[in-house]
Amino acid sequence: MRNTPTLVTRAVLPSLDEYIDEIRPFWKSHWITNMGVKHQQFEKDLQSYLECENIALFTNGHNALECSLEAFELEGEVITTPFTFASTTHAIVRKGLTPVFADIKPDDCTIDPKSIEQLITPKTCAIVPVHVYGNLCEVETIQEIADRYGLKVVYDAAHAFGVKRDGISAANFGDASVFSFHATKVFNSIEGGAVCFKDSRLKPILDELKNFGIKDPEHVERVGGNAKMNEFCAAMGICNLRHNREEIMARKMVDGRYRVQLAGIPGISLIEPQENLTQNYAYFPVFIEDESGLTRDIVFDLLFDQGIHSRKYFYPLVSDFACYKENFSSSLTPVARDRAMRVLTLPMYGNLPLREVDRICDLIRNAVKTSK
Ligand SMILES: *Cc1c(COP(=O)(O)O)cnc(C)c1O
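Remember, the working numbering sits 78 above the position in the sequence shown when you count from 1.
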């Protein structure tokens, strides 16, 4: 095993000098949180980068999602996907709503609109779909369903930063889209998140919810929490945003190399790029099918033994978590259950050397060959 393992991702950082220049003014102003200059600038920069009308920043994606669900004053059942990160379902449950799990599509692992429609009841109030690995959900079909039944649509867009379909930014689908700027994502502000939304009247509500419900120093009209992004995180976001296109271009090279090297290996299947999509290459998932003669766990272990850290992502399904499995059965979402058993996301970041991609693919190719 090599000395330094190849991790599944690596946080993007600007040069130290660039960051220091960005934070230097704080030593004059002493204003380091509470919607200061950097917070305001970052919000504007993102609004233009994501091409959205309305945006509110948060400490992280999870708090942005919780506050969005709260802002819509929802009640009842929310149709969502079990093929996601814990955050999506936890936000729904922590806001007093009942998650109802729809199945996913085998080709791109996003929520299956047919499955959504079958689960709608008089109690359904919203759909919380998840854009997965940087691929977008069937946004038009989901909107049609939502319009027909009068439902809100709040996208978990944590994987979809910078993605566009037919030139339309992922920030502009549904009633709201929630992004995460966590260190492990395509774009980070150390920790951070934002919600982009259609109805401009939500702006003061979201801004109050993240700041103890404070409207002005003498008026508190909501029971808010604390989910404000601080100035150091906003400064990191401003710096990283300047280099996000470069990061995505570098990831595109890595993605291309994986696709060439893995092509034609029996039982190793990939997600085909969606049509008319401007991708962000957030992750590189592979699926270990029976034809390979291997299992996902075998591939995970053999890569790990060679110093390559892949990730079983998403596994287990949220509905199989100890806190949910009493009330849900993953047998109701067979496609999600199957994909969760087979998926492995391989190392993916802009600086990943292409020779390391080659080594990873050689290991997988040889393992399939020797299993025969
Ligand atoms: C990262 C992530 C989140 C949570 O975002 P944080 O910024 O870490 O709170 C939510 N949903 C998905 C799908 C994610 O990948």
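Ideal Cβ positions, reconstructed from N, Cα and C, are used throughout, including at glycine.
Since the structure is predicted, the reported quantities are computational estimates derived from the model, not experimental observations.
Q.
If you measure from each CB to the nearest heavy atom of ligand 1 and keep those under 6 Å, what residues do you get, in chain order?
A. Asn138, Gly139, His140, Thr162, Phe163, Ser165, Thr166, Val208, Asp234, Ala236, His237, Ser258, His260, Gly271
Q: Using only alpha-carbon positions, find the residue among Gly270, Val86, Thr411 that is nearest to Glu454.
A: Shown here, the chain extends from 79 to 450; a query on residue 454 therefore has no answer.
Q: Count the other C-beta atoms from every protein chain shown that fall within 10 angstroms of the C-beta of Asp452, then say buried if there are 16 or more, exposed otherwise.
A: It is not possible to answer for residue 452, since the shown part of the chain is limited to 79 through 450.
Q: State the DSSP-derived secondary structure class of Phe265, mapped to helix, strand or coil.
A: coil
Q) Do Ile142 and Asn266 have their C-beta atoms within less than 8 Å of each other? A) What sits at residue 142 in the sequence shown is Ala, not Ile. No. Outside cutoff.
Q.
Assuming Ala418 and Phe399 are in contact, meaning their beta carbons sit under 8 Å apart, how far apart are those beta carbons, in whole angstroms?
A. Contact flag wrong, Cβ pair sits at about 12 Å.
Q | Check whether Leu422 and Ile366 have beta carbons under 8 Å apart | A | yes
Q.
With a threshold of 8 Å, are at least 3 pairs of Cβ atoms found where one atom belongs to the stretch 296 to 312 and the other to the stretch 150 to 160?
A. no
Q: Give the straight-line distance between the Cα atoms of Leu381 and Ile438, rounded to the nearest whole angstrom.
A: 7 Å
Q | Three-state secondary structure (DSSP) of Ala305 | A | coil
Q) Considering only C-alpha positions, which residue in the set Asn429, Val413, Arg433, Lys293 is nearest to Asp186? A) Val413
Q | Bridge-paired residues (DSSP) for Leu135 | A | Ala272
Q. For Val338, does the count of other Cβ atoms within 10 angstroms reach 16, so buried, or fall short, so exposed?
A. exposed
**Q.** Helix, strand or coil at Thr167 according to DSSP, with G and I counted as helix
**A.** helix
Q. Are the Cβ atoms of Glu100 and Cys317 separated by less than 8 Å?
A. yes
Q. To the nearest angstrom, how far is it from the Cα of Phe104 to the Cα of Val178?
A. 46 Å
Q) With burial defined as no fewer than 16 other Cβ atoms inside 10 Å of the residue's Cβ, what is the status of Ala256: buried or exposed? A) For the record, residue 256 in the displayed sequence is Val; it is not Ala. Val256 should be labelled buried.
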